[in-house]
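Each remark here refers to the structure printed beneath this line.
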Amino acid sequence: MKKPVVRFAPSPTGYLHIGGARTALFNWLFARQNNGKFLLRIEDTDLERSKIEYVDQIKNALNWLGMDWDDDIIFQSKNNSNHQKVIKELIQSGDAYKCFLTKEELDNLRIQADKNKEVFRVPRTYRDTSEEKQNELIDEGRSYTIRLKVPEGITKFKDLVFGEIIVDNKDLDDFIISRSDGSPTYNFVVAIDDIAMDISHIIRGDDHIANTPKQILVYNALKKNVPIFAHLPMILGSDKKRLSKRHAATNVQEYRDKGFTPDSIINYLSLLGWNPDSNDEIFNINELIKLFNFKQVQKKSAVFDEKKLLWISGQKMKEMTSKDILKEILLIDKAWGKDHNNSYLESVISLTKDRSKNLIDIIDISDIFLINEVNYSDEFKSIMSDQNGTMIIKDFLNAVKIEESWDKQTVEKVFEQIMNQHDIGLGKVMKPLRIAISGISYGPGIFDMMILLGKDLTINRITNAINFYK
RNA sequence: GGCCCGUUCGUCUAGUGGUUAGGACUCAUGGUUUUCAUCCAUGCAACAGGGGUUCGAUCCCCCUACGGGCUGCCA
């Protein structure tokens with residue numbers, strides 16, 4: 016195969032959302048798998064809604080996800096002269112024509128057709144109007160659009176996902192390629208730019224399937240090779256509606272803030288509308304590059320399920336090294352653990368990561384190792400007073416104080432001592448101590464916690480707890 | 001209305017002209033664990049409906065229903 020050239024073409028009218036990220040991902044995977052090019056084109060022709068800050072957000076989000084693009088970013092608005100040139104060519108070749116029908120006329124015809132229960136078609140009134148007549152109309156001050164002459168016949172293409180799609184050209188109107196203000200329309204520019212960029216494979220959402228024949232007609236009129244199409248199923252919200260701003264979290268940035276790593280998101284996204292043809296579900300990016308193919312891409316739209324994302328993320332936390340996790344945490348919170356050295360922080364992470372679903376979980380659970388003062392809660396008063404907790408931790412404190420060394424063996428020995436002394440099980444001893452050193456009733460193993468905190472801090476916190484719960 | 005596309009557990013999906021329709025997430029139950037989580041085991045749970053074709057259809061064909069897209073001087 017000739018090295019493919021693909022593009023991701025978002026319009027900068029909002030941040031990068033999950034659906035866009037998935038489209039970008041499949042483009043990127045395909046390009047990287049085949050040593051092709053992944054180009055980024057910003058479709059900023061909607062001047063009203065396009066904003067430069069959205070361009071930055073899209074770039075940042077792609078960068079964060081690890082999808083690097085080749086060459087310079089292309090801004091569609093900068094191709095305007097080329098668009099105009101091609102429009103002229105098409106008029107000259109007779110493949111497009113000036114149409115003087117007004118919006119009002121068309122609206123009326125539409126209403127009329129609807130009333131008569133007829134299928135509305137744009138009339139081809141001006142298709143063969145002579146140049147003299149056209150000039151007359153222009154002199155009269157009539158405005159015009161430019162329409163493509165849709166030829167007789169059928170238009171078909173073989174979609175890599177959907178298979179062969181055939182459309183009868185008679186179901187297509189002579190569609191507008193240039194508005195009365197001279198600006199070109201979407202279905203036209205997209206084809207022109209893809210030609211200019213030498214795009215070989217167009218990979219995009221399946222909401223474009225119905226547009227594809229029109230774009231092919233533009234290619235045909237210009238006698239250009241039609242690229243290969245691969246349409247991807249949509250991603251839906253839990254209400255089965257197309258993912259939109261109304262849904263809870265659609266912004267890639269939000270998932271970053273929620274503590275998901277790029278690796279988790281990409282892994283999950285890859286499984287939406289695609290399957291690896293195996294029972295495996297956890298992949299890193301390099302594996303995905305190897306495995307991806309259009310044959311396994313689904314035609315059916317997929318519902319975004321945050322629960323599954325969470326599970327994948329949890330699996331990733333377990334398999335990532337503490338060092339790498341620390342790096343990721345620092346990316347979302349520069350100040351995290353700033354009072355401690357990296358080796359301590361990595362030890363903290365190694366105690367918390369297996370019980371965490373994402374980075375934010377780790378940060379939350381790790382808090383007890385980073386704070387200066389434990390926040391004790393009244394909620395545990397009964398354990399401390401009624402269940403003899405205060406006595407236990409006092410005895411533990413005294414026993415620990417006389418110990419010379421501080422390692423797991425020593426701590427376990429002291430625990431045993433207290434268990435015998437009070438004639439109770441480990442659970443009963445552990446609970447009040449856990450609360451004393453962390454302020455909460457759950458978390459990493461109590462021995463591990465004490466060892467990591469160190470003897471001084473352990474003593475210190477138990478003392479504070481005794482004072483608080485006395 | 002017209003054209004195009006889709007429909008397997010709640011969700012993501014595998015699958016084949018003959019299967020106990022498989023896996024994963026979720027959920028439930030049990031177990032391991034010093035707590036929580038993890039982990040392990042078990043369980044609940046699906047071929048949209050109707051016609052054909054066929055000895056036999058989840059699978060092939062047709063229709064219907066439902067959902068989506070396009071039908072714009074939006075992208």
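Numbering (the numbering used here), first residue to last: 16 to 485. We treat Cβ as the ideally placed atom computed from N, Cα and C, and that holds for glycine.
Using the C-alpha atoms, what's the distance from LEU247 back to TYR457?
-> 44 Å
Report the option in LYS446, GLY352, ILE386 and ILE461 whose CA atom is closest to the CA atom of ASP422.
-> ILE461
VAL312 versus MET249, THR140 and PRO459, residue with shortest Cα-Cα distance | MET249
Given LYS171 as reference, the closest of THR160, ILE161, LYS164 and ASP186 once Cα atoms are compared | ASP186
For SER120, which option in ARG37, SER158, ASP272 and ILE452 has the closest C-alpha, if you only look at C-alpha atoms?
-> Note that residue 120 corresponds to Glu in the displayed sequence, not to Ser. Closest option to GLU120, Cα to Cα, is SER158.
Run through DSSP, which three-state label would ASP83 get?
-> coil
Ordered along the chain, which non-local residues of its own chain (more than five positions away) have a Cβ less than 8 Å from that of ILE481?
-> THR405, ILE408, LYS409, LEU412 and ALA451
Where does the unbroken beta strand (DSSP E) through ASP183 begin, and where does it stop?
-> 178 to 183
Should ASP471 and LEU366 be called a contact, given that it needs their Cβ atoms to be closer than 9 Å?
-> no
Cα separation between TYR359 and LEU258?
-> 42 Å
Taking the alpha helix (DSSP H) that THR478 falls in, what are its first and last residues?
-> 470 to 484
Return yes when the Cβ of ALA46 is within less than 9 Å of the Cβ of VAL205, no when it is not.
-> no
Return the first residue and the last residue of the beta strand (DSSP E) that THR8 is part of.
-> Nothing can be reported for residue 8: it is not among the residues displayed for the chain, which extend from 16 to 485.
Nearest-angstrom Cα separation, counted from THR144 out to SER26 = 37 Å
Select from GLU394, THR117 and GLN149 the residue whose C-alpha is nearest the C-alpha of LEU196.
-> Looking at the sequence itself, residue 196 is Asp, so the reference to Leu does not match. Nearest option by C-alpha distance: THR117.
Since I believe LYS368 is in contact with SER337 (beta carbons under 8 Å), could you give me their beta-carbon distance rounded to a whole number of angstroms?
-> 7 Å
At which residues does the beta strand (DSSP E) containing PHE53 begin and terminate?
-> 52 to 57
Whose C-alpha, out of LEU175, ASP189, TYR69 and ILE57, is nearest the C-alpha of ASP110?
-> ASP189
Would you identify the three-state DSSP class for VAL389, choosing helix, strand or coil?
-> coil
Environment of GLY454 [buried if 16+ CB atoms lie within 10 Å] = buried
For SER215, collect the residues of the same chain with a Cβ closer than 6 Å to its Cβ; drop the 5 residues on either side in sequence, then sort them by chain order.
-> PRO19, VAL20 and PRO242
Would you please state the rounded distance, in angstroms, between the beta carbons of PHE54 and ASP86? I believe it to be under 8 Å.
-> One point to set straight first is that residue 54 is Leu, not Phe, in the sequence displayed. Right, the Cβ-Cβ distance comes to about 6 Å (below 8 Å), so this counts as a contact.
Evaluate contact between the segment 73 to 82 and the segment 129 to 144, counting only Cβ atoms and requiring at least three cross-stretch pairs below 8 Å.
-> no
Using 10 angstroms around the beta-carbon of LYS148, count the other beta-carbons present and answer buried if the total reaches 16, otherwise exposed.
-> exposed
On the three-pair Cβ rule with 8 Å, is the segment 338 to 358 touching the segment 291 to 299?
-> no
Identity of the residues DSSP links to LEU251 by a beta bridge = ARG257 and VAL318
Alpha-carbon to alpha-carbon, GLY442 and VAL429 = 14 Å
Use the C-beta contact count for VAL363: other C-beta atoms within 10 angstroms, 16 or more gives buried, fewer gives exposed.
-> buried
Write down the C-beta distance between LYS331 and THR276 rounded to the nearest angstrom, noting that I regard them as a contact closer than 8 Å.
-> 6 Å
Buried or exposed: which applies to LYS238, given that a residue is buried once 16 or more other Cβ atoms fall within 10 Å of its Cβ?
-> exposed
Label GLU343 either buried or exposed according to how many other C-beta atoms from any shown protein chain fall within 10 Å of its C-beta, with 16 as the threshold for buried.
-> buried
Identify which residue in SER279, SER400 and VAL176 has its Cα closest to the Cα of LYS323.
-> SER279
First and last residue of the beta strand (DSSP E) that includes THR160?
-> 160 to 163
First and last residue of the uninterrupted beta strand (DSSP E) at ASP174 = 169 to 174
Own chain partners of THR573 with C-beta closer than 7 Å, once the 5 adjacent residues on each side are dropped | With the chain covering 16 to 485 only, the question about residue 573 has no answer from this structure.
LYS100 beta carbon less than 9 Å from that of ILE106 = no
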